[in-house]
Amino acid sequence: MENAIAECEQQRQKTEEEVEQIIEGTIFNYHREQRTLERKRKRVGNKYRRFKKLNKEGNIRKIKKGKKNQQKFEGWMEAINREGDKNWSERIKGKIQEKRRDKKQDLGTKKYGNSKKWGN
Numbered sequence: 001m002e003n004a005i006a007e008c009e010q011q012r013q014k015t016e017e018e019v020e021q022i023i024e025g026t027i028f029n030y031h032r033e034q035r036t037l038e039r040k041r042k043r044v045g046n047k048y049r050r051f052k053k054l055n056k057e058g059n060i061r062k063i064k065k066g067k068k069n070q071q072k073f074e075g076w077m078e079a080i081n082r083e084g085d086k087n088w089s090e091r092i093k094g095k096i097q098e099k100r101r102d103k104k105q106d107l108g109t110k111k112y113g114n115s116k117k118w119g120n
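Going by UniProt numbering, the sequence shown opens with residue 1, and the numbers climb by one from there.
Structure below.
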């Protein structure tokens, strides 16, 4: 009986020690993770050398984005203005056909070297 009670007390002590070790391990891991996070926050190298270049690239991106938005807005305005004119698509098709016709005429000239060398 006394042996059984002694064994139970030893097991309790072992479990308590294991719990303490687990707690200490978790606290250590937590502090270690916090230290690595602090290390990652620090910047390596000199950022001021690259500052002008990065700033210039950012400004160029902003300008390009602004131009794209402006073109979209102009397209919407043209679409709104077209609603009043019923024949706008025919006029545009006519302009495109004229450009193609002019291009074909230019390709047939001596300027592009496609003229006939032997004619009747």
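Every residue gets a Cβ at the ideal spot worked out from N, C-alpha and C, and that includes glycine.
Nearest-angstrom Cα separation, counted from Lys56 out to Lys93: Numbered from its first residue, the sequence shown carries residue 93 at position 93. Numbered from its first residue, the sequence shown carries residue 56 at position 56. Distance from the CA of Lys93 to the CA of Lys56, rounded to the nearest whole angstrom, comes to 42 Å.
Three-state secondary structure assigned by DSSP to Met1: On the sequence shown, residue 1 is found 1 positions in, with the first residue counted as 1. The three-state secondary structure of Met1, taken from DSSP, is coil.
8 Å Cβ shell around Lys99 - same chain, five flanking residues per side excluded: For the purposes of this step, residue 99 is taken as the residue at position 99 of the sequence shown. Excluding residues within five positions, none has a Cβ falling inside 8 Å.
Collapsed DSSP secondary structure at Asn120 in the structure displayed: The residue you call residue 120 lines up with position 120 of the sequence shown. Bear in mind that a pLDDT of 45 at Asn120, under 50, signals an unreliable position, so the model cannot answer this.
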